[in-house]
Amino acid sequence: MNIPFVNLRRHHQNLQPALTQTFGRIIDRGQLMGGEEVAGFEQNFADYIGVPYGVACGNGTDALELILRAFNIGTGDEVIVPANAWMSAAEMVSLLGATPVFADTDPAYYTLNADLLEPHITARTKAIIPIHLYGLPADMPAIMRIARKHDLKVIEDCAQSHGAAIGAQRTGSFGDAAAFSFYPTKNLGAMGDGGMVLTQDASLAQKVRMIAQHGQREKNVPVCQGRNSRMDTLQAAILRLKLPLLDGWNQRRQTIAWHYRQAWQENDLALPEAPAGFDHIYHLFVVRHTQRDRLAAHLRQAGIATEVHYPYALPAMPVYQPLADPATCPVAMQQANELLSIPVYPELTDAEVDYIVEKVGEWLKK
Ligand SMILES: *Cc1c(COP(=O)(O)O)cnc(C)c1O
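Below, the structure written as structure tokens:
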């Protein structure tokens with residue numbers, strides 16, 4: 062068997078008739094930017110998450126930048142970000158001249174360890190960016206409590222958590238604003254790039270929209286420093302088509318994760334965990350083992366692709382070297398050497414899931 066880490070070909074083949082119809086509609090109308098598809102998807106997605114305002118943009122990294130700009134975060138400011146994560150949040154903080162302050166991750170959940178946040182807060186701290194990593198919500202009740210106490214903004218990075226929830230409340234509706242990515246491999250992905258800012262604050266939504274449109278409030282009259290970031294009409298139409306299918310896909314991921322968990326528990330393989338009431342949507346199924354590279358090699362030989370998310374903790378990356386001290390984030394530093402992502406996408410067949418279960422089990426027994 063040959064099991065790639067993601068299978069977008071299969072994903073799109075399953076949707077082919079509906080996609081063809083959508084492409085046809087866009088060709089017929091001839092409108093390629095903006096319009097009712099983009100406005101409609103903004104509304105549909107905001108409704109799905111449970112917030113009033115959505116502003117579509119070019120990608121998830123832009124969404125983070127637009128929010129930071131709208132909060133006037135820049136030179137002299139500090140923003141707390143998790144040490145184990147995709148780089149976008151830290152990157153946009155430093156792009157704007159502010160300083161990313163790396164906080165260590167939770168040893169079991171891989172998200173921000175809320176117990177370690179307060180010592181990082183200084184007079185310069187403006188915001189915290191919790192990342193719902195791998196599809197598990199960060200500890201939002203604790204993070205919001207700390208943020209409110211110190212008057213900090215909370216920007217949720219939801220690029221891996223479309224539909225993940227704590228109780229009945231979905232990620233993207235806890236903080237002051239949230240950034241989503243619709244990169245093709247995300248739980249809800251476009252056929253290209255896309256992103257969105259969500260917020261409950263009407264004036265913030267307005268400001269984000271203005272910045273994303275060259276700082277224009279009305280056409281040709283920029284009133285603030287802006288930039289250009291937009292979602293094209295075709296991507297919005299595709300995302301609108303796919304949104305009603307998201308919950309089913311997430312449930313399929315959870316079913317696959319359940320099978321893995323049943324098969325691999327009671328071993329020295331650390332399985333993903335979730336606090337009670339936290340709904341993990343398994344953007345990634347990440348295990349941890351001190352012999353991670355050997356497990357990966359065993360699976361590669363069996364035709365099963367794996368990946369590492371992420372091989373370097375952010376404070377250890379060359380770009381942050383003069384600034385960050387990796388020793389302040391020992392958990393993230395150690396985990397970077399032990400994490401391994403196993404395929405978990407909804408298009409995996411039952412036979413493929415069984416095969417993965419068997420091949421990992423085989424290695425664990427050795
Ligand atoms: C994918 C991702 C992003 C960036 O999204 P893009 O659309 O690729 O810019 C940001 N944060 C996290 C956690 C991600 O996984």
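Sequential numbering from 62 applies to the sequence shown in the working numbering. Where is the CB? At the ideal position from N, CA and C, for every residue including glycine.
Assignment of alpha helix (DSSP H) within the region 253-279, counting only whole runs of 4 or more residues, yields 263-273 in chain order. If you keep only unbroken beta strand (DSSP E) runs of at least 3 residues inside the region 299-349, you get 346-349. For ALA175, there is no enclosing beta strand (DSSP E), as DSSP gives it neither H nor E. Assignment of ILE190 by DSSP, reduced to helix, strand and coil, places it in the coil class. Secondary structure of MET378 (DSSP, three-state): coil.
Taking all protein chains shown into account, THR260 has 16 or more neighbouring C-beta atoms within 10 Å of its C-beta and is therefore buried. Here the region 378-385 makes no contact with the region 362-369; the two share fewer than three CB pairs at distances below 8 Å.
Pairing VAL142 with LEU80, the inter-Cα distance amounts to about 37 Å. In the three-state scheme derived from DSSP, where H, G and I count as helix and E and B as strand, GLY121 is classed as helix. Note on geometry: alpha-carbon atoms of ASP293 and GLY101 lie some 13 Å from one another. One thing to note: TYR109 has its Cβ no nearer than 7 Å to the Cβ of LEU345. When the Cα atoms are used, GLN104 and LYS303 turn out to be separated by approximately 14 Å. Distances from the alpha-carbon of LEU177 to those of ALA374, PRO198, ARG185, ASP167 put ASP167 closest. Counting the other CB atoms within 10 Å of its CB gives ASN145 a total of 16 or more, which places it among the buried residues. LEU400: not part of any alpha helix (DSSP H); member of the beta strand (DSSP E) spanning 400-403, first to last residue. Residue pairing by DSSP places TYR114 opposite THR260 in a beta bridge. For VAL392, no beta strand (DSSP E) segment is defined; the enclosing uninterrupted segment is the alpha helix (DSSP H) at 391-396. Counted as a single uninterrupted DSSP element, the beta strand (DSSP E) harbouring ALA164 occupies residues 160-164. A straight-line Cα-Cα distance of about 9 Å links PRO407 and GLY309.
In the DSSP assignment, ARG231 is bridged to ALA226. Residue ALA203 holds the alpha-carbon nearest to the alpha-carbon of VAL215 among ALA225, ALA203, ALA397. Setting aside the 5 residues that flank it on each side, ARG185 is surrounded in the same chain by GLY137, ASP138, GLU139, each with a C-beta closer than 7 Å to its C-beta; the list follows chain order. The Cβ atoms of GLU399 and ARG353 sit closer than 7 Å to each other.
Comparing alpha-carbon positions, the option among PRO336, TYR244, LEU306, PRO404 lying closest to ALA318 turns out to be PRO404. Contact check for PHE339 against PRO191 fails: the beta carbons are separated by 7 Å or more. GLN221 has its CB nearer than 6 Å to a heavy atom of ligand 1.
Inter-segment contact for the region 241-257 and the region 128-137 is absent: fewer than three beta-carbon pairs are separated by less than 8 Å.
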